[in-house]
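**Student:** No gaps in the numbering here: position 327 of the sequence shown is 364 in our numbering, and each next residue is one more.
By construction, the Cβ of each residue, glycine as well, lies at the ideal position given by its N, Cα and C atoms.
Bear in mind that the values here come from a model prediction, so they are computed numbers and not experimental data.
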Amino acid sequence: MAPIRRVFCLSVLAILGLASTVRAQTPEALRIAQIQVAESQYAAAAKSLEAVGLEGLSQQGAHLLGRCYQAMLQHERAVAAFERADTSTVTVLADWGRSLERLGLPEEAEARYHTAYRKDSTNQTVAASLARLLSDRTAWSEVAAIYERLVEEDQLNSYLHAQLGTAYARLDSTDRAIVHYERAHLLNPRNIKVVLALTKVYYDIEYIMSARQVLTRALDERPRHPALWRRSGEVAFKEEAYPDAVEAFGNVLRYSTDSTAQDLSHLGVSLYLTNEFTEALDYLQQSFDRNDGDVMNTFYLGMAYQQLGQYEEALFYLHLAADLLGEGMLADIEARIGNTYEQTEQQPEAIRAYRLALNLDASRLETLFHLAALYDSYYADKKMALQQYERFLERTEEDQLPKMRQYAEQRVQEISENKFFEEGRVPKPSSLDTLVIKPDSSGSKNQ
38 MAPIRRVFCL SVLAILGLAS TVRAQTPEAL RIAQIQVAES QYAAAAKSLE
88 AVGLEGLSQQ GAHLLGRCYQ AMLQHERAVA AFERADTSTV TVLADWGRSL
138 ERLGLPEEAE ARYHTAYRKD STNQTVAASL ARLLSDRTAW SEVAAIYERL
188 VEEDQLNSYL HAQLGTAYAR LDSTDRAIVH YERAHLLNPR NIKVVLALTK
238 VYYDIEYIMS ARQVLTRALD ERPRHPALWR RSGEVAFKEE AYPDAVEAFG
288 NVLRYSTDST AQDLSHLGVS LYLTNEFTEA LDYLQQSFDR NDGDVMNTFY
338 LGMAYQQLGQ YEEALFYLHL AADLLGEGML ADIEARIGNT YEQTEQQPEA
388 IRAYRLALNL DASRLETLFH LAALYDSYYA DKKMALQQYE RFLERTEEDQ
438 LPKMRQYAEQ RVQEISENKF FEEGRVPKPS SLDTLVIKPD SSGSKNQ
């Protein structure tokens with residue numbers, strides 16, 4: 038029994054000696070690893086710490102090993118290391134949350150960030166990380182509360198004002214959004230994202246002059262920036278300053294290395310609205326060739342062909358736009374289709390299109406007039422024409438569409454008179470042309 042007892046005792050002493058050696062090695066390994074991390078030698082630092090073993094490391098060592106794994110993008114191993122670190126500290130919680138976020142575990146990451154934020158709400162890194170995850174799930178009220186607290190601590194921070202402006206914009210708190218975007222812009226006027234965000238708010242609430250002023254200053258600083266010209270074109274288009282829109286969208290194409298089908302379409306539509314139909318057609322066709330699903334581009338492409346007298350192409354694109362659109366602007370498109378058919382003397386098709394446009398939108402008075410005139414010119418029986426002219430006159434005010442009203446009144450009178458003569462009856466005279474017959478002195482009537 039003595040030899041067995043002796044072997045057991047030696048084994049115990051060996052284990053205790055190894056543990057003592059590990060404890061002795063841990064501070065040295067940690068010191069070496071810290072030096073290596075300071076020199077960005079993360080793989081070497083990890084190797085130094087791994088020699089001790091995760092279970093043998095102190096909480097400080099486990100945290101440092103997790104940071105090494107994190108820098109090496111080994112986030113699964115980083116999470117395992119952080120779990121053995123001091124998880125009551127803000128730095129460990131923040132690092133832990135970052136690796137969980139990279140692993141696609143936003144709920145778990147948010148929980149770590151929340152815990153860290155409750156411990157220190159002034160830590161900008163933690164607050165920004167938490168706010169980012171809250172933004173992803175559109176918890177904008179919480180995001181705004183976080184950035185409000187940070188702005189109180191650092192009122193000259195352009196980034197914080199911009200983020201707070203975005204939160205308020207998402208909450209439809211327009212006035213507050215403008216205040217913080219303006220402060221961010223004042224603190225850092227060269228930040229293009231802030232300029233675009235601020236002008237978008239102004240654009241949406243139709244503060245066009247304010248948007249123009251911000252863009253003018255920004256373009257003075259960055260005259261070749263396509264995003265600024267794109268927003269400038271949108272603002273010009275909204276205020277119907279179409280020549281300015283042509284210039285702006287032209288500069289988008291000039292300065293952009295990756296112009297889109299929408300950029301081509303914006304320029305094409307602006308050219309169309311300045312009556313430059315040939316140039317408009319070129320850009321609209323290029324846009325269509327890249328994206329044949331853009332309803333507005335297809336619609337204006339059809340109208341450009343119509344303006345240039347290419348009616349077959351016009352009908353092709355207008356019908357295509359109608360098929361793409363559904364019901365939204367379908368009344369506009371059907372009215373334009375009707376007009377194109379009318380110009381090509383395809384009266385039955387024109388009547389069908391005009392009737393469909395009016396079924397979709399009965400308030401289209403010009404379409405109603407064109408339908409009446411088409412019935413008038415195409416059918417010998419003027420009954421339908423008379424009904425449509427009378428309906429047009431009932432729905433228009435006396436000072437509305439004066440030339441159309443004058444023509445409709447004239448045709449109503451002429452059609453009515455012809456109708457009475459065809460039926461063998463004398464038309465009822467108006468108050469201005471009533472024939473007054475007076476008896477003569479002999480009691481007989483004037484012949």
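Counting along the chain, where does the alpha helix (DSSP H) carrying residue 419 start and finish?
**Tutor:** Careful: residue 419 lies outside any alpha helix (DSSP H) and carries neither H nor E.
**Student:** By Cβ distance, which residues of its chain are closer than 8 Å to residue 87, with the 5 residues on each side in sequence left out?
**Tutor:** 102
**Student:** What does the alpha-carbon distance come out to for the pair residue 302 and residue 328?
**Tutor:** 10 Å
**Student:** Relative to the C-alpha of residue 455, which candidate in 441, 193, 192, 423 has its C-alpha closest?
**Tutor:** Closest by alpha carbon: 423.
**Student:** Using the C-alpha atoms, what's the distance from residue 343 back to residue 350?
**Tutor:** 8 Å
**Student:** Just confirm the distance between the C-beta atoms of residue 318 and residue 290, as a whole number of angstroms; I'd bet it's less than 8 Å.
**Tutor:** Not confirmed; about 16 Å, so no contact.
**Student:** Please list the terminal residues of the continuous alpha helix (DSSP H) segment that includes residue 268.
**Tutor:** For residue 268, the enclosing alpha helix (DSSP H) covers residues 263-275.
**Student:** With a threshold of 16 other CB atoms inside 10 Å of the CB of residue 58, please say whether the residue is buried or exposed.
**Tutor:** The predicted model places residue 58 with a pLDDT of 40, which falls under 50 and marks its position as unreliable, so this point remains unresolved.
**Student:** Which whole-angstrom value is the C-beta distance of residue 402 and residue 429, which I expect to be below 8 Å?
**Tutor:** 6 Å
**Student:** What's the C-alpha gap between residue 370 and residue 336?
**Tutor:** 7 Å
**Student:** Take the Cβ of residue 150 as the centre, count every other Cβ of all protein chains shown within 10 Å, and call the residue buried at 16 or more, exposed below.
**Tutor:** buried
**Student:** Is residue 109 helix, strand or coil when you go by DSSP?
**Tutor:** coil
**Student:** Contact between the stretch 194-206 and the stretch 215-228: three or more CB pairs below 8 Å?
**Tutor:** yes
**Student:** Is it the case that the Cβ atoms of residue 127 and residue 153 are separated by a distance below 8 Å?
**Tutor:** yes
**Student:** What ranges does the beta strand (DSSP E) occupy inside the stretch 103-184, keeping only unbroken runs of at least 3 residues that lie completely in it?
**Tutor:** none
**Student:** In this structure, how does DSSP classify residue 90 when only helix, strand and coil are distinguished?
**Tutor:** coil
**Student:** Indicate whether residue 171 and residue 163 have their beta-carbon atoms separated by less than 8 Å.
**Tutor:** no
**Student:** Taking its Cβ as the centre, do 16 or more other Cβ atoms sit within 10 Å of residue 416, making it buried, or is it exposed?
**Tutor:** exposed
**Student:** As a quick exercise: from 418, 405, 338, 237, pick the residue whose alpha carbon is nearest that of residue 438.
**Tutor:** Cα-wise, what sits closest to residue 438 is 405.
**Student:** In this structure, does DSSP put residue 227 in helix, strand or coil?
**Tutor:** coil
**Student:** Between residue 279 and residue 310, is the Cβ-Cβ spacing less than 8 Å?
**Tutor:** yes
**Student:** If you pair each beta-carbon of the stretch 292-301 with each one of the stretch 257-274, do three or more pairs fall below 8 Å?
**Tutor:** yes
**Student:** In whole angstroms, give me the CA-to-CA distance for residue 484 and residue 368.
**Tutor:** Confidence in residue 484 is poor, its pLDDT being 36 and thus under 50, which makes the residue's placement too unreliable to answer from.
**Student:** If you measure between the beta carbons of residue 361 and residue 332, is that distance less than 8 Å?
**Tutor:** Residue 332 is positioned such that its CB atom lies closer than 8 Å to that of residue 361.
**Student:** With residue 280 as the anchor, note down where its alpha helix (DSSP H) starts and where it stops.
**Tutor:** 279-292
**Student:** Count the other C-beta atoms from every protein chain shown that fall within 10 angstroms of the C-beta of residue 390, then say buried if there are 16 or more, exposed otherwise.
**Tutor:** Buried: at least 16 other Cβ atoms inside 10 Å.
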